[in-house]
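Visitor:
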Amino acid sequence: DAEITQSPRHKITETGRQVTLACHQTWNHNNMFWYRQDLGHGLRLIHYSYGVHDTNKGEVSDGYSVSRSNTEDLPLTLESAASSQTSVYFCASSDTPAGTQHFGDGTRLSIL
Amino acid sequence: SQQGEEDPQALSIQEGENATMNCSYKTSINNLQWYRQNSGRGLVHLILIRSNEREKHSGRLRVTLDTSKKSSSLLITASRAADTASYFCATAPEYGNKLVFGAGTILRVKS
């Protein structure tokens, strides 16, 4: 069965470090998304991609970057981790840009 | 900014009762979707309703859409303890190309 996997599931790091969260999907979807989920804010879009070599900023993109070198993967990088980036991060993919999304189980990131 | 706003923020009911959650949005849409999130897991798609549809059913789920009021409701009938989760609506704006999620409703079903 097709799936979307995120790794690691949990990570603790220090402020100022670079962190990369992995997202891998086997749906063969062109569209991939990164969200962060915080209490009181629901899901907020960080970055998204409509295909290989395409990336776009979402509503909370400052301090984050993505790259899309193939269909299956969209890694999310925190260039210099800040305590405000402590959150749960979700990756999702979809067949059409505003269609049904399939989510990974998230990465819980703590920045100390 | 959030397009969809769920109401109530939290809901606690007894097993066997019906649960109703509402979603309001601001701009015209192509479709509206409902998702469930169990604790510690990712969101799971439940149902999609298009702007030209008024009602849709899937098992114990019933979704309605009123585009004149820019609102939708999700009804879960005969709730079970396993329905305990957060429920989110997501809207696909008519002139946009990505979903916008609301803040969600936390549903607790007591057995």
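Chains as they are written, first to last, in the working numbering: chain Z, 376 to 487; chain W, 295 to 405. Think of the CB as a built atom: it goes at the ideal place given N, C-alpha and C, for glycine as much as any other residue. Here the structure is a predicted model, which is why all the values come from computation and not from measurement.
In chain order, what residues of the same chain lie with their CB nearer than 7 angstroms to the CB of GLN308 (chain W), ignoring the 5 residues before and after it?
Guide: Here the set comprises LYS404.
Visitor: Given this structure, state the Cα-to-Cα distance separating LYS392 (chain W) from ILE387 (chain Z), to the nearest angstrom.
Guide: Their backbone Cα atoms lie some 31 angstroms apart in a straight line.
Visitor: For chain W, check one thing: does any of its Cβ atoms lie closer than 8 angstroms to the Cβ of SER416 (chain Z)?
Guide: A small fix is needed here, since residue 416 (chain Z) is His in this sequence, not Ser. It does: the Cβ of HIS416 (chain Z) has a partner Cβ on chain W nearer than 8 angstroms.
Visitor: When the Cβ atoms of the region 422-442 of chain Z are set against those of the region 377-387 of chain Z, are three or more pairs found closer than 8 angstroms?
Guide: Counting Cβ pairs under 8 angstroms, fewer than three are found: no touch.
Visitor: Since THR399 (chain W) and ALA304 (chain W) are thought to touch, with beta carbons under 8 angstroms apart, how far apart are those beta carbons, to the nearest angstrom?
Guide: Rounded, the Cβ-Cβ distance is 7 angstroms, consistent with contact.
Visitor: For the region 448-465 of chain Z, enumerate the residues whose C-beta is nearer than 7 angstroms to any C-beta of chain W, in chain order.
Guide: Residues passing the 7 angstroms Cβ filter: PHE465.
Visitor: Out of W:CYS317, W:HIS351, W:GLN327 and W:SER306, which has the shortest C-alpha to C-alpha gap to ARG374 (chain W)?
Guide: Looking at the Cα atoms, W:SER306 is the closest of the given residues.
Visitor: Does the separation of the CB atoms of LEU340 (chain W) and LEU359 (chain W) fall below 8 angstroms?
Guide: Taking 8 angstroms as the Cβ cut-off, LEU340 (chain W) and LEU359 (chain W) do not qualify as a contacting pair.
Visitor: The beta strand (DSSP E) spanning SER440 (chain Z) covers which residue range?
Guide: 439-441 is the span of the beta strand (DSSP E), which, as asked, contains SER440 (chain Z).
Visitor: Which residues in chain Z have a C-beta closer than 8 angstroms to the C-beta of GLY353 (chain W)? List them in chain order.
Guide: None at all; the shortest Cβ gap to chain Z is about 17 angstroms.
Visitor: Counting contacts by CB-CB distance shorter than 8 angstroms, is PRO383 (chain Z) in contact with chain W?
Guide: Closer than 8 angstroms: no.
Visitor: Does GLN296 (chain W) come within less than 8 angstroms of chain Z when only Cβ atoms are used?
Guide: Reliability fails at GLN296 (chain W), whose pLDDT of 49 lies under 50, so the model's placement of it is uncertain and the value that follows must be treated cautiously. Chain Z contact via Cβ: present.
Visitor: Looking at C-alpha atoms only, which residue of Z:SER468, Z:LEU487, Z:ILE486 and Z:SER485 is the closest neighbour of TYR410 (chain Z)?
Guide: When only C-alpha atoms are compared, the closest one is Z:SER468.
Visitor: Looking at chain Z, which residues of the region 330-353 of chain W have a Cβ within less than 9 angstroms of any of its Cβ atoms?
Guide: Listed by position along the chain: GLN331, GLY334, ARG335, GLY336, LEU337, VAL338, HIS339 and LEU342.
Visitor: Less than 8 angstroms between the CB atoms is what I'm expecting for ARG443 (chain Z) and THR430 (chain Z), so what's the real figure, rounded?
Guide: Contact holds; Cβ gap of about 6 angstroms.
Visitor: LEU484 (chain Z) versus chain W: which residues are under 9 angstroms apart at the beta carbon?
Guide: The contacting residues do not exist; LEU484 (chain Z) stays about 14 angstroms from chain W at best.
Visitor: If you check the beta carbons only, do LEU369 (chain W) and ASN312 (chain W) fall under 8 angstroms apart?
Guide: Yes, the Cβ-Cβ distance between LEU369 (chain W) and ASN312 (chain W) is below 8 angstroms.
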